[in-house]
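K.L.:
Structure in structure tokens, see below.
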Amino acid sequence: MKRVLIFAAICLSTSSLSAQDIQLPTPQKTGGKPLMEAINLRQSNRTFVDKDLDNQTLANLMWSAYGFNRNDKRVVPSANNKQEFSVFIALKSGVYLYDASANKLIQRLKGDHRSEFGKQDFVAKASANLAYVADLDKADGNMARIDCGFIAQNVYLFCASSGLSTVARGYFDQAELKKLLNLDDKQEVILCQSVGFSK
Ligand SMILES: Cc1cc2nc3c(=O)[nH]c(=O)nc-3n(C[C@H](O)[C@H](O)[C@H](O)COP(=O)(O)O)c2cc1C
57 MKRVLIFAAI CLSTSSLSAQ DIQLPTPQKT GGKPLMEAIN LRQSNRTFVD
107 KDLDNQTLAN LMWSAYGFNR NDKRVVPSAN NKQEFSVFIA LKSGVYLYDA
157 SANKLIQRLK GDHRSEFGKQ DFVAKASANL AYVADLDKAD GNMARIDCGF
207 IAQNVYLFCA SSGLSTVARG YFDQAELKKL LNLDDKQEVI LCQSVGFSK
């Protein structure tokens, strides 16, 4: 009996050690460049150097994309408040699903899958590749495409404000990405977006 308990304790401790979720710091909701300056700086940039984003920047980035700014409402609008998106992020350490309520990145895959988030060479070098995934049970495809634009634009403005490079990308393989992310039939990747450093 004692041996069984010791074995169970070892298994439990190894499994909690292997959980590689990232608990993000509180996002910084003030500061940055003034809005008009950020709008003026917004642009697509496809030059990336392979360098990790720190956790504070990750927290700010994910909150800008799809965080809550009221109890149950997001920083981005959605038609009929359907909030139909899941936001995935590929980092060098793995692929994660953003849990905005818990302010956490939930690990879905281990290892570097950044290059699988797009078809262009620079994608593998971006610090982070985001995938905006709509649940088409909650909203129809047209509305989802419009809603997605707000997410991508928030990320563009966050990057402009923070001196990061970014580009929205429609050029990815839908079937490959669906398989990689283990999406169900009703989920569709609407857009990807690379984020990182240009130098
Ligand atoms: C819906 C959408 C899809 C895009 N897809 C790609 C893409 O697959 N690859 C890419 O390099 N740029 C992509 N872009 C970026 C555009 O090429 C870019 O926004 C455009 O050239 C204007 O440049 P700017 O963003 O610097 O103003 C996309 C932009 C949008 C809005």
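The opening residue of the sequence shown carries number 57 in the working numbering; numbering runs sequentially from there. From the three backbone atoms N, C-alpha and C, an ideal C-beta is built for every residue, glycine too.
Determine the direct distance from the alpha carbon of Leu80 to that of Gly197, and round the result to whole angstroms.
P.N.:
Within the sequence shown, the letter at position 141 stands for residue 197. Within the sequence shown, the letter at position 24 stands for residue 80. Each residue's Cα considered, the two are about 31 Å apart.
K.L.:
How about Gln99: is its Cβ closer than 7 Å to a heavy atom in ligand 1?
P.N.:
Reading the sequence shown from its first residue, position 43 is the one you call residue 99. The answer is yes for Gln99.
K.L.:
Buried or exposed: which applies to Met92, given that a residue is buried once 16 or more other Cβ atoms fall within 10 Å of its Cβ?
P.N.:
Indexing the sequence shown from 1 puts residue 92 at position 36. Burial is judged here by how many other beta carbons sit within 10 angstroms of a residue's own beta carbon; Met92 has fewer than 16 and is exposed.
K.L.:
Going by the C-beta, is Gly226 closer than 7 Å to any heavy atom of ligand 1?
P.N.:
As a working mapping, residue 226 is identified with position 170 in the sequence shown. For ligand 1, at least one heavy atom lies less than 7 Å from the Cβ of Gly226.
K.L.:
Taking Cβ positions, are Gly150 and Gln76 nearer each other than 8 Å?
P.N.:
Walking along the sequence shown from the start, residue 150 turns up at place 94. Walking along the sequence shown from the start, residue 76 turns up at place 20. Going by C-beta atoms, Gly150 is nearer than 8 Å to Gln76.
K.L.:
Measuring alpha carbon to alpha carbon, tell me which of Thr222, Ser217, Gln230 and Ser183 ends up nearest Leu109.
P.N.:
The residue given as residue 109 occupies position 53 in the sequence shown. Nearest of Thr222, Ser217, Gln230 and Ser183 to Leu109, Cα basis: Ser183.
K.L.:
Taking the beta carbon of Ala231 as the centre, do at least 16 other beta carbons fall within 10 Å, making it buried, or is it exposed?
P.N.:
On the sequence shown, position 175 is the one that residue 231 refers to. Ala231 is exposed by the Cβ-count criterion.
K.L.:
Got a sec: does ligand 1 put a non-hydrogen atom nearer than 7 Å to the Cβ of Gln176?
P.N.:
Indexing the sequence shown from 1 puts residue 176 at position 120. For ligand 1, at least one heavy atom lies less than 7 Å from the Cβ of Gln176.
K.L.:
Please classify Asp256: does DSSP put it in a helix, a strand, or coil?
P.N.:
Because the chain spans 57 through 255 in this model, residue 256 falls outside it and cannot be assessed.
K.L.:
Terminal residues of the continuous beta strand (DSSP E) containing Asn185?
P.N.:
The residue you call residue 185 lines up with position 129 of the sequence shown. Segment Ala184 to Asp191, the beta strand (DSSP E) holding Asn185.
K.L.:
Along the beta strand (DSSP E) that carries Ser142, what are the first and last residues, could you check?
P.N.:
Reading the sequence shown from its first residue, position 86 is the one you call residue 142. Its beta strand (DSSP E) spans residues Phe141 to Leu147.
K.L.:
Taking the CB atoms as reference points, tell me whether Phe144 and Tyr152 lie closer together than 8 Å.
P.N.:
For the purposes of this step, residue 144 is taken as residue 88 along the sequence shown, with counting starting at 1. For the purposes of this step, residue 152 is taken as residue 96 along the sequence shown, with counting starting at 1. Yes.
K.L.:
Where DSSP assigns a beta bridge to Leu165, which residues make up the other side?
P.N.:
As a working note, residue 165 is residue 109 in the sequence shown. Answer is Val151, bridged to Leu165.
K.L.:
Quick check on the burial criterion: 16 or more other C-beta atoms within 10 angstroms. Buried or exposed for Gln84?
P.N.:
Position 28 of the sequence shown holds residue 84. Exposed.
K.L.:
Quick one: Cα of Gln243 to Cα of Leu233, how far?
P.N.:
As a working mapping, residue 243 is identified with position 187 in the sequence shown. As a working mapping, residue 233 is identified with position 177 in the sequence shown. Approximately 11 Å, taken between the alpha carbons.
K.L.:
Give the single residue among Val211, Ser221, Lys235 and Asp240 whose Cα lies nearest to the Cα of Phe253.
P.N.:
Along the sequence shown, read from residue 1 onward, the residue named residue 253 stands at position 197. Per the Cα distances, Ser221.
K.L.:
Straight-line CA distance for Ala156 to Asp177?
P.N.:
Looking up residue 156 in the sequence shown gives position 100. Looking up residue 177 in the sequence shown gives position 121. One C-alpha to the other measures close to 30 Å.
K.L.:
Can you check DSSP and say which residues form a bridge with Arg130?
P.N.:
If you number the sequence shown from 1, residue 130 lands on position 74. Answer is Phe124.
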